[in-house]
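> Keeping their order, the protein sequence lines are chains A and B. Reading the first sequence from the start, the letters are residues 42 to 247 in this note's numbering. Reading the second sequence from the start, the letters are residues 7 to 268 in this note's numbering. The beta-carbon is built from N, C-alpha and C at its ideal position, and this holds for glycine as well. Before we start, here is the structure in question, set down as structure tokens.
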Amino acid sequence: MTGRRIRGAAPLLFAVVMAMSSSPARAQVTSEPVSPFPDPRKFAHGLFGEAEAGTVVFVGSAAAAVGPGVAVGGRFGYEVFRWLALQVHAIGSTHTTKFADAPQAGQLLQLYQGIAELRLTVPIGRVGISVVGGVGLARLSTNVLGTAGFTDPDVKRSGVYSGGASVDYHSLSRHFSFGLVAAFAKYPSVHTSGAVNAGAYVRYTF
Amino acid sequence: MRTMTNTVSLGWLYATLVIAAGCDSPNTPTYFPAMGPLGLEAGQMGVAEATATFPIPFRAPSDTERKILADESARLKFTMPWLRQDKIGVSVQYTLRNLADKSGTARITVNGSSEFANYDVAAQRMAIAAMALPQQQQDEIVIPALIQPAPLRFEAGEVVSGVIREDDFAEAALDLDAIGRWMARPASVLINRSEVNPIGMEKVPQGLIVPALFRVYLTLTASVPMRIEFTVRVRDGKDQLLAGDAVEFKPTPQAIAYMRGT
């Protein structure tokens, strides 16, 4: 029994002796440690979806005839690389006409757009700065613009050429990011300069 | 993760359906502008009147649709209209401008035709004139319009915009059908709103499918020179507006004749 106690105390005794014989530690901090997160390499990429809300404002001659519209929309696409994405953009906006002293004033008009887009991004940490361009189709809900000469009579459809830019900020979640986007769209069948679409979005990358 | 994926997918599906529905719903009206401003100058008596006739272009029914209409007519015991008031919403947006440098009054009245009956006040006046009544008696005859809003007073140069609404056209279509097919007295039904006072509607069958107006007569009466501009707005719930190579619907409605004591 006595011999067993001595054998049990031996490691403790060894540790005490080693501690008393060691020299003092002198660590020196020369810079802030690198934060382990967020690590942009760990952000999800691939398939993604966006929901956006904003406004569509006609510019040019139609600006005086069609009021700014509330817009909602979304994008669905695939990030081929961190800097390149292909996406489909659907957006709808609702406007009120404001023709001066004309019977067409005060009419509701919706604009629906579907655009295939290419997005190029420069990632800077959690921030991504992008340019977006695309082509697609637009549809007007009524022919009221045609009655005032902004389209040919009874034309409700037009092509769309769109280009713009966005700023994206990634959250600490690997899936969610938020951003602002603004784009200019040209409608060849609508006799005006075009329209500006601006809004905010939330993106979920799968 | 699966839950989030499903939620996002359903959201996209919902958004797509909403957009697709919005593209072709009855709430996407078609506007028909007038052929030009309906100008009006004061007449010799200080009152002038001008009328524009506006046919709304609808397509004719196909053979299949004609057979369905015939079957429905046999079942309901009355002729089913091709253009149904409950499927076609008509309204008129107008802008009225006083061109004079003095105040004046203006009145807009609307008449029209369904595929069964034509209510043309000008034609009725000609019929009255053909009766060879003394001028004083002719002047005393008042022919009410299908839609007759209150007169408007205008200051010099004033511009007013307004709408003759779909429910006004719905009431006008019911009144016209009651007069044309169900022997209602015009003076009874035209001065009463049918849902408030259905006098004159006694012979109108329950469950009647009311024919819509396919032709509109818009008349402006003014005491000083005025000009009206208007558009006819049509909500087409059954895809019946004329489009493409379709054949236009051109019915020959029976003219409502003026009758003494009506």
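Excluding the five sequence neighbours on either side, which residues of its own chain have a C-beta within less than 6 Å of the C-beta of A101(B), listed in chain order?
Per the sequence presented here, residue 101(B) reads as Thr, with Ala not at that position. Excluding residues within five positions, the ones whose Cβ falls inside 6 Å are S167, E235.
> Excluding sequence positions up to five away, which residues of its chain have a Cβ less than 7 Å from the Cβ of A106(B)?
Excluding positions up to five away in sequence, the list reads A162, V230, P231.
> Quick check: what's the CA-CA separation for R233(B) versus A106(A)?
If I take the Cα positions, the gap works out to 22 Å.
> Between A165(B) and chain A, is any beta-carbon pair separated by less than 8 Å?
At residue 165(B) the sequence reads Val, which differs from the Ala that was named. For V165(B), the answer is yes, since a Cβ of chain A falls inside 8 Å of its Cβ.
> For E71(B) and A143(A), I'd like the C-alpha separation in whole angstroms.
Approximately 38 Å, taken between the alpha carbons.
> What three-state label does DSSP hand E177(B) in the structure shown?
Helix at E177(B).
> To which residues of the same chain is V176(A) closer than 8 Å at the C-beta, ignoring the five residues directly before and after it?
If we look at V176(A) and ignore the five residues flanking it on each side, its Cβ neighbours are I156, A157, G200, V201, Y202, S203.
> When Cβ atoms are compared, which residues of the segment 70-103 of chain B fall closer than 9 Å to chain A?
For the segment 70-103 of chain B, which is checked against every Cβ of chain A, the residues closer than 9 Å are V98, Q99, Y100, T101, R103.
> Residues of chain A with CB closer than 9 Å to the CB of P39(B), please, in chain order.
Result: P144, Q145, G187, T188, A189, P194.
> What is the rounded straight-line gap between the Cα of A27(B) and the Cα of L221(A)?
With a pLDDT of 48 at A27(B), under the threshold of 50, the modelled position of this residue cannot be trusted; read the value that follows with caution. Their backbone Cα atoms lie some 28 Å apart in a straight line.
> Please state whether the Cβ-Cβ distance between S271(A) and V173(A) is less than 8 Å.
Look at the range of chain A in this structure, 42 to 247, and you will see that residue 271(A) is not part of it.
> Would T237(B) pass as an interface residue toward chain A - the criterion being a Cβ-Cβ separation below 8 Å?
Yes, its Cβ sits closer than 8 Å to a Cβ of chain A.
> Quick check on DSSP: helix, strand or coil for M59(A)?
It is helical.
> Leaving aside the five residues before and after T96(A) along the sequence, list all residues of the same chain whose C-beta is less than 7 Å from its C-beta, in chain order.
Excluding positions up to five away in sequence, the list reads P109, G110, V111, A112, A239, G240.
> Sorted by chain position, which residues of the same chain lie with C-beta nearer than 6 Å to K244(B)'s C-beta, five sequence neighbours on each side aside?
Here the set comprises K93.
> Could you tell me whether the Cβ atoms of S68(B) and A218(B) are closer together than 8 Å?
Contact flag unset, no.
> A123(B) and Q246(B): beta carbons closer than 8 Å?
Not in contact: A123(B) and Q246(B) (Cβ atoms no closer than 8 Å).
> Taking only three categories from DSSP, how would you classify Q130(B)?
In the structure shown, Q130(B) sits in a helix (DSSP, three-state: H, G or I).
> To the nearest angstrom, how far is it from the Cα of R221(B) to the Cα of I62(B)?
One C-alpha to the other measures close to 6 Å.
> Just the Cα atoms here: how many angstroms apart are V322(B) and V210(B)?
There is no way to answer for residue 322(B), as the model of chain B reaches only from 7 to 268.
> Leaving out five residues before and five after T233(A) in sequence, what residues of the same chain have Cβ atoms less than 8 Å from its Cβ?
Hits under 8 Å: F99, V100, G101, S102, A103, A104, F191.
> Indicate the three-state DSSP secondary structure (helix, strand or coil) for E78(B) in the structure shown.
Helix, per DSSP.
> By alpha-carbon positions, which one of L224(B), E172(B), A151(B), V169(B) ends up nearest to S194(B)?
Selected option, being the one with the closest Cα: A151(B).
> If you follow the beta strand (DSSP E) that S72(A) is in, where does it begin and where does it stop?
First-last for S72(A): undefined, no H or E at that position.
> Among V185(A), F122(A), A141(A), which one has its Cα closest to the Cα of Q151(A)?
Ranking V185(A), F122(A), A141(A) by Cα distance to Q151(A) puts V185(A) first.
> Classify W124(A) as buried or exposed, calling it buried when 16 or more other Cβ atoms lie within 10 Å of its own Cβ.
Under this definition W124(A) is an exposed residue.
> Just to confirm, are A92(A) and V237(A) a CB contact at a threshold of 8 Å?
Not closer than 8 Å, so no.
> What is the rounded straight-line gap between the Cα of E177(B) and the Cα of S200(B)?
When rounded, the distance between both Cα atoms is 7 Å.
> Closest to Y153(A) by CA distance: which of F89(A), H216(A), Y228(A), A50(A) is it?
Of F89(A), H216(A), Y228(A), A50(A), the residue nearest in Cα terms is Y228(A).
> Just verifying my parser: in three-state terms, what is the DSSP assignment at S207(A)?
Strand at S207(A).
> Would a C-beta distance cut-off of 8 Å place R239(B) and P35(B) closer than the cut-off?
Yes; because the gap between Cβ atoms is below 8 Å, this pair is in contact.
> Which residues bound the alpha helix (DSSP H) around L186(A)?
That run of the alpha helix (DSSP H) goes 185-188.
> May I have the straight-line CA-CA distance separating Q154(B) from A146(A), to the nearest angstrom?
Looking at the two C-alpha atoms, the distance is approximately 23 Å.
> With a threshold of 6 Å on Cβ separation, who are the neighbours of S79(B) within its own chain once the five nearest residues in sequence on each side are excluded?
Answer for S79(B): T85, M86, listed in chain order.
> Can you have a look at V253(B) and say buried or exposed, based on whether 16 or more other CB atoms are within 10 angstroms of its CB?
The residue is exposed, with fewer than 16 neighbouring Cβ atoms inside 10 Å.
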